[in-house]
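A.B. asks: Here it is, the structure in full.
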Amino acid sequence: MTDRKKTGEQGEALARQYLIGHGYTIEATNYRYRRTEIDIVARKDGILVFVEVKTRSSVAYGHPSTFFRPEQQRRMSRAASMYMEEVNHEWEIRFDLIAIHYRSPSVYQLDHYPDVFFPGLH
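The structure is reproduced here in structure tokens:
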């Protein structure tokens, strides 16, 4: 496994722990639709939350949040629609971003950005 992939997996594990610790229930991880993957699908207070996790070991090229591009948001929105159809969810949804500057399992900065975008509004 490459260092980059390992860092990403460690970041996703930290994000899951964070969400669970803040009252979310994890419904799915690494949900795939075509070539798009949604890192975490969670639920809290009846809201279905689609979470993108961006993890970087260095901020030399920018904060991890700057790597969540509009095209990725569009693909994520399409994948979320398919997930909602599969689980027959017709209620409120939200798209969140968790950005992690990861140095080690005990040294990291996690920032949670709820409602980071709304499909169709860019």
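One rule links them: number in our numbering = place in the sequence shown (from 1) + 45. No residue lacks a Cβ here, since even glycine has one placed at the ideal position from N, Cα and C.
Using only alpha-carbon positions, find the residue among E57, Q117 and I145 that is nearest to T74.
C.D. replies: On the sequence shown, position 29 is the one that residue 74 refers to. Comparing Cα-Cα distances from T74 to each of E57, Q117 and I145, the minimum goes to E57.
A.B. asks: What is the C-beta distance between S103 and Y158, in whole angstroms, given that I count them as a contact (C-beta under 8 Å)?
C.D. replies: Position 58 of the sequence shown, counted from the first residue, corresponds to residue 103. Position 113 of the sequence shown, counted from the first residue, corresponds to residue 158. Not really, about 20 Å apart at Cβ, beyond 8 Å.
A.B. asks: Between G68 and I92, what straight-line distance do the alpha-carbon atoms span, to the nearest angstrom?
C.D. replies: Position 23 of the sequence shown holds residue 68. Position 47 of the sequence shown holds residue 92. Taking the straight line from one Cα to the other gives about 12 Å.
A.B. asks: Taking only three categories from DSSP, how would you classify F168?
C.D. replies: This structure cannot speak to residue 168, because the chain is shown only from 46 to 167.
A.B. asks: Looking only at C-alpha atoms, which of E116, T52 and V132 sits nearest to F162?
C.D. replies: As a first step, residue 162 is located in the sequence shown; it is residue number 117 there, counting from the start. For F162, the nearest C-alpha among the options comes from E116.
A.B. asks: For E54, which three-state DSSP category applies?
C.D. replies: Along the sequence shown, one-based indexing puts residue 54 at 9. In the structure shown, E54 sits in a helix (DSSP, three-state: H, G or I).
A.B. asks: Counting only the same chain and skipping the five closest in sequence on each side, list residues whose C-beta sits under 7 Å from that of Q97.
C.D. replies: Indexing the sequence shown from 1 puts residue 97 at position 52. Before going further, note that residue 97 is Glu rather than Gln in the sequence given. For E97, where only same-chain residues beyond five positions count, the Cβ hits under 7 Å are D84, F113, M121 and L142.
A.B. asks: Sort out for me which residues DSSP pairs D90 with in a bridge.
C.D. replies: Your numbering for residue 90 matches position 45 in the sequence shown. According to DSSP, D90 bridges with nothing at all.
A.B. asks: So E76 and A124 are supposed to be a Cβ contact under 8 Å. How far apart are they, rounded?
C.D. replies: By one-based count along the sequence shown, residue 76 stands at place 31. By one-based count along the sequence shown, residue 124 stands at place 79. Position check: residue 76 holds Tyr in this sequence, whereas Glu was assumed. With 8 Å as the limit, Y76 and A124 qualify as a contact, their Cβ atoms being about 7 Å apart.
A.B. asks: So for R101, helix, strand or coil by DSSP?
C.D. replies: Within the sequence shown, numbered from 1, the residue matching residue 101 stands at position 56. In the structure shown, R101 sits in a strand (DSSP, three-state: E or B).
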